[in-house]
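Numbering (this note's numbering), first residue to last: 16 to 505.
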């Protein structure tokens, strides 16, 4: 790794590694409980924080009551996410009342957005924003090393000239020290966002859009594949805005033939080019799957949201994607009750859903976020009751569409990556769970040896959200996914 760091000119400073353990006052190893809220980006951040602390002799536990340190990685995209964290803080205060030496830290987007409020909470010892996560180990040592508690705070966003970029990059690469037995992994390719949707706090909490060095991305993927990872998901707030993204996809696909599946999310509709769709179509191990939020079916609302595209553009893109890949899975996001949304606007969103026929759709009630344009300049004129009604109607429509999609899979043989067993490790045979390349969840009975492998499953029944079936055979990728599907489904 040192050679790569030198080659990328990432600088000489970095996080503290190894060495003697300073936490001898109470026990030789400090126990950490880490709880994560939010998206895949937060999941990746938590993974990187774990690796950083493991490198500094911390041990992670599954129960908060047994921990010396509790860290909560937070999300600020919606008010509900923040309310959940605040509720947990009340519970953690009770734990701290019983164990005064307990250290509680809030990290991630909420720490950045609500710093003035959170810093006043007496139970909180540590506040670290998403662009300062590399400092957590040092800040914890500062807390433990003093007799009188002093809050440790590290916030502020980064820009393209900030030296912290070097340290954030090192965090991504540090993860490569502990990837044994991994079959799936996230790889970040961009940080932050420049789209400035009128309702979104991401530019405020994660900063401006910054793209990672391509060589660092390829190095990270190479190490993951060599360690046995078979599925990688590229992450970015607008992942397809990465420069020459189609070329990056093709390079990863062609360079790493042992990588069985390559995904990417989340996509911004305006930035999906024909080149990206063509690479997807022509690359057998890139999943035919697009998470592409529309957010509304009304041009009026899309303009108020500052989304930068129209309903017509979005639908044309969906038709183009399906013309190139008829079996592609389309997943989206929708917001109901945005300021100014009339019943007619809402009906336009419903009609867009009918036309797109999403495999899955994430539906959210509009949540006003301070420091956003919609919060400052728009009147919230849709009542909570009406938001609830619209949310229920849209959810009911999507459930019908999703159920129809699942019914179409009955009797077919699907290809899945087996992710884990659902029951205890008492027997070799287990109830296993996996996902298709289109992200359908599949359960079946099989040997634990199949975990981490690509297999063929015959679909025999469905529930509201899940496919169920029986094991047929291991999948051998000796021809294209497209040819395999035609053969297995005939």
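Note that the Cβ used here is the ideal one computed from N, Cα and C, for glycine as well.
Neighbourhood of residue i by C-beta, 7 angstroms cutoff - its chain only, sequence neighbours within 5 removed
i           : result
residue 145 : 60, 123, 124, 127, 220 and 221
residue 258 : 226
residue 333 : 345 and 371
residue 314 : 325 and 326
residue 286 : 253, 255 and 256
residue 157 : 167
residue 269 : none
Residue i, DSSP secondary structure in three states
i           : result
residue 94  : helix
residue 140 : coil
residue 100 : helix
residue 380 : strand
residue 220 : helix
residue 263 : helix
residue 106 : helix
residue 75  : strand
residue 169 : strand
residue 344 : strand
residue 320 : coil
residue 204 : coil
First and last residue of the uninterrupted beta strand (DSSP E) at residue i
i           : result
residue 279 : 276 to 280
residue 306 : 304 to 306
residue 372 : No beta strand (DSSP E) contains residue 372, which DSSP labels as neither H nor E.
residue 436 : 428 to 436
residue 185 : Run containing residue 185: none in the beta strand (DSSP E); it sits in the alpha helix (DSSP H), 179 to 189.
residue 464 : Where residue 464 is concerned, there is no enclosing beta strand (DSSP E), given that its DSSP letter is neither H nor E.
residue 448 : 444 to 451
residue 486 : 481 to 489
residue 329 : It is not in any beta strand (DSSP E) - residue 329 instead sits in the alpha helix (DSSP H) that spans 326 to 339.
residue 87  : 84 to 89
residue 246 : 246 to 250
residue 120 : 118 to 123
Closest residue to residue i among the options (Cα-Cα distance)
i           : options               : result
residue 316 : 64, 291 and 389       : 389
residue 282 : 274, 276, 291 and 275 : 291
residue 197 : 150, 261 and 239      : 239
residue 51  : 63, 355 and 420       : 63
residue 352 : 401, 138 and 327      : 401
residue 107 : 129, 131 and 82       : 82
residue 454 : 413, 246 and 325      : 246
residue 512 : 165, 340 and 284      : Nothing about residue 512 can be reported from this structure: the residues present for the chain run from 16 to 505 only.
residue 2   : 309, 129, 255 and 273 : Because the chain is modelled from 16 through 505, residue 2 falls outside the range shown and cannot be assessed.
residue 380 : 103, 96 and 169       : 96
Per-residue burial, residue i [other beta carbons within 10 Å of its own, 16 or more giving buried]
i           : result
residue 91  : buried
residue 360 : buried
residue 14  : The first residue shown for the chain is 16 and the last is 505, placing residue 14 beyond what the model contains.
residue 407 : exposed
residue 71  : buried
residue 280 : buried
residue 39  : Note that residue 39 scores a pLDDT of 37, beneath 50, so its modelled location is shaky; the value from the coordinates is reported in the next line. Looking at its Cβ environment, which holds fewer than 16 other Cβ atoms inside 10 Å, residue 39 is exposed.
residue 443 : exposed
residue 113 : exposed
residue 312 : buried
residue 265 : buried
residue 480 : exposed
residue 57  : buried
residue 288 : exposed
residue 307 : buried
residue 218 : buried
residue 230 : exposed
residue 152 : buried
residue 88  : buried
9 angstroms Cβ cutoff, residue i in contact with chain D
i           : result
residue 114 : In the structure shown, chain D does not exist; there is a single protein chain.
Other residues of its chain near residue i: CB distance less than 6 angstroms, five sequence neighbours each side excluded
i           : result
residue 377 : 348
residue 94  : 382
residue 248 : 201 and 278
residue 363 : 312 and 313
residue 477 : 421
residue 464 : none
Beta-carbon contacts of residue i that lie in its chain and below 8 angstroms, excluding the five residues immediately before and after
i           : result
residue 466 : 198, 433, 434, 435, 436 and 447
residue 485 : 459, 460, 472, 473 and 475
Endpoints, the alpha helix (DSSP H) within which residue i is located
i           : result
residue 283 : Looking at the DSSP string, residue 283 is not in any alpha helix (DSSP H), and its letter there is neither H nor E.
residue 70  : 55 to 70
residue 44  : Taken as a continuous stretch (DSSP letters only), residue 44 belongs to no alpha helix (DSSP H), as it is neither H nor E.
residue 157 : 151 to 159
residue 230 : 229 to 241
residue 407 : 399 to 422
residue 132 : 130 to 133
residue 388 : 388 to 392
The ligand SAM heavy atom lying under 8 angstroms from the CB of residue i
i           : result
residue 261 : Summarising the ligand content, the structure contains no ligands, and the ligand SAM is consequently not present.
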